[in-house]
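Take the position in the sequence shown, starting the count at 1, then add 14; the result is the number in the numbering used here.
C-beta atoms are modelled at their ideal positions from N, C-alpha and C, and glycine is treated no differently.
In this text, all values refer to a predicted model and were calculated from it rather than measured experimentally.
Heads up, the thing below is written out as structure tokens.
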Amino acid sequence: MTQTLDAPGATLSYEVLGSGPVLVLIGHPMTGDGFRALAAQFPDRTVVLHDPRGTGASPMTDPTEPPDADVLAEDLSRVVAAVGDGPVDVFGSSGGAITAMALAAAHPDRVRTVVAHEPPLTEYLPDAAHAREQLAGVAATYREQGLFPAMGAFGVVAGFSMPEPPADAPPPPMPSEDDQRSMTRMVLGIQSICTYRVPPLPAGRVRIGVGAWSGDAELTGRTSRAVAAELGLPLDVFPGGHGGFVPEQGGDVEAFAAVLRTLLG
């Protein structure tokens, strides 16, 4: 069932699936749709999917307002309160991992266990200043050349590698308007999200996840290890890479869910 909440500057959309202990799946800029395959692996849970403000079905009053991890965490807190079933488990991926950590810091009474999968928190890297310059370059590329060159610049910063398609392969489909809106929000907000520093966290409730394929060449592989080390958090290895729970990105969702289920207990 899809529902909405009013929040300052936005209308928040969320969907509640199934019944049982609550598990919230959150991304950024990925919408709830990106977690449907993972949600299907938890039929014994009430799974909550949420489109962060400015993405999917959660429009903002001012779409140019950059994303803010603390605001996104307050939005998620509103969703958790609306579901209304005590402390919840949260799995956040990428920018959603940052949102989940910010939620745990601001509202520890609302979370039981947080698994933050590959948070791109560049301020914890030894070369944080260089990372800041790279992130600024992504936004500058968008302003000077447009969305798709900026996404290419983002791919270089992230360390993503894509195999060359066959010479006779048809061109990839043009991203939908919703996808382009999410991508635009990502490239313009990449600095504000990735340079966030996490406030003190409740002891024993937050874990960092990293993909087995995410080595030092991938930004989120490096940030995940750096965050876990600096904050003294457990580091758990998941199958695959940054999209290890997304079948369309080569993820083995069943294996991924098995690890997540073990961590949640």
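- Remark: C-beta atoms of Val224 and Val201 do not approach each other more closely than 8 angstroms.
- Measuring C-alpha to C-alpha distances from Arg211 to each of Pro253, Thr18, Gln148, Thr113 identifies Thr113 as the nearest.
- Contact check for Ser91 against His121 passes: the beta carbons are separated by less than 8 angstroms.
- In terms of Cα proximity to Ala172, the closest of Thr234, Gln194, Ala116, Ala153 is Thr234.
- By the neighbour-count definition (other C-beta atoms within 10 Å, threshold 16), Leu249 is an exposed residue.
- Rounded to whole angstroms, Gln55 and Thr155 show a C-alpha spacing of 39 angstroms.
- In this structure, DSSP gives Thr234 a helical state, which the three-state scheme calls helix.
- Note on Asp230: under 16 other CB atoms within 10 angstroms of its CB, so exposed under the neighbour-count rule.
- Going by beta carbons, Thr127 and Asp103 fall inside the 8 angstroms limit.
- Comparing C-alpha distances from Ser196 to each of Trp227, Ile40, Thr45 shows the shortest one belongs to Thr45.
- Ranked by Cα distance from Phe49, the options Gln205, Gln263, Gln194 are led by Gln263.
- Per DSSP, the unbroken alpha helix (DSSP H) holding Ala119 starts and ends at 109 to 120.
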